[in-house]
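Colleague: According to the numbering used here, the residues represented by the sequence shown are 699 to 840, in order. Note that beta-carbon positions come from the ideal geometry of N, C-alpha and C, so glycine has one too. Once you've had a glance at the structure underneath, I'll fire off some questions.
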Amino acid sequence: MQFDNKAQVFFSAKSENESFARLFAAGFLTQLDPTISEMTDIKTAVSEAVTNAIIHGYETREGMVELFCGYVGRHIYIEVADKGKGIENVAQAREPLYTSKPEMERSGMGFTIMETFMERVRVESRVGEGTRIFMEKTLAKE
Numbered sequence: 699m700q701f702d703n704k705a706q707v708f709f710s711a712k713s714e715n716e717s718f719a720r721l722f723a724a725g726f727l728t729q730l731d732p733t734i735s736e737m738t739d740i741k742t743a744v745s746e747a748v749t750n751a752i753i754h755g756y757e758t759r760e761g762m763v764e765l766f767c768g769y770v771g772r773h774i775y776i777e778v779a780d781k782g783k784g785i786e787n788v789a790q791a792r793e794p795l796y797t798s799k800p801e802m803e804r805s806g807m808g809f810t811i812m813e814t815f816m817e818r819v820r821v822e823s824r825v826g827e828g829t830r831i832f833m834e835k836t837l838a839k840e
């Protein structure tokens with residue numbers, strides 16, 4: 699796809715980098731002058747995707763998370779990827795309240811939150827190879 703603009707960053711799969719990911723996406727997309735509500739939605743969706751990569755993708759292993767942001771006009775594309783353990787059953791993982799980490803008091807709402815705040819969410823995952831989450835949203839007119 700030919701983007702009007704794009705940016706990509708890789709960072710260590712550490713919980714302290716979740717806020718960095720939100721700020722990276724927000725900083726890049728600020729040039730489109732989104733509403734406060736749109737920016738909050740995007741930052742929340744990015745945070746959930748990154749948290750999933752860190753907590754579920756790598757668990758206690760070290761690894762890297764990839765965050766890509768791009769846009770065509772006012773249609774934004776965001777990808778969050780890891781090379782962690784992958785998801786065995788993507789359909790089950792996307793069910794509200796499902797969590798593979800109940801001992802960590804996880805709510806199981808990550809994908810539901812992403813789907814609520816973004817117009818389109820697609821998940822590609824291979825066990826032993828990792829997961830890539832694609833999210834799209836069209837910003838309101840200028």
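Mapping DSSP to helix, strand and coil, what is Val788?
Modeller: Looking at Val788 - three-state DSSP - the assignment turns out to be helix.
Colleague: Check Thr829 in the structure and name its three-state DSSP category.
Modeller: Thr829 falls in the strand class under three-state DSSP.
Colleague: DSSP on Gln700, reduced to helix/strand/coil?
Modeller: Coil.
Colleague: Closest to Ile740 by CA distance: which of Phe722, Phe815, Glu827 is it?
Modeller: That would be Phe815, whose Cα lies nearest to the Cα of Ile740.
Colleague: For Met812, which of helix, strand or coil comes out of DSSP?
Modeller: In this structure, Met812 counts as helix in the three-state DSSP scheme.
Colleague: Using the DSSP secondary-structure output, state which residues sit across from Ile774 in a beta bridge.
Modeller: Paired residues: Tyr769, Lys835.
Colleague: DSSP three-state label for Arg759, please.
Modeller: In the structure shown, Arg759 sits in coil (DSSP, three-state: anything other than H, G, I, E or B).
Colleague: For the alpha helix (DSSP H) that Ser735 lies in, which residues bound it at each end?
Modeller: Ser735 -> alpha helix (DSSP H) spans 734-750.
Colleague: Judging by CA-CA distance, which residue of Val788, Arg772, Ser717 is the nearest neighbour of Arg820?
Modeller: Of Val788, Arg772, Ser717, the residue nearest in Cα terms is Val788.
Colleague: Alpha carbon to alpha carbon, what distance is there between Gln706 and Glu817?
Modeller: Cα-Cα distance, rounded: 21 Å.
Colleague: Check each candidate in Asn750, Glu714, Val744, Ala719 and name the one with the smallest Cα separation from Phe708.
Modeller: The residue with the shortest Cα to Cα distance from Phe708 is Ala719.
Colleague: Count the other CB atoms, across all protein chains shown, that sit within 10 Å of the CB of Gly771; report buried if there are 16 or more and exposed otherwise.
Modeller: Its Cβ having fewer than 16 others within 10 Å, Gly771 is exposed.
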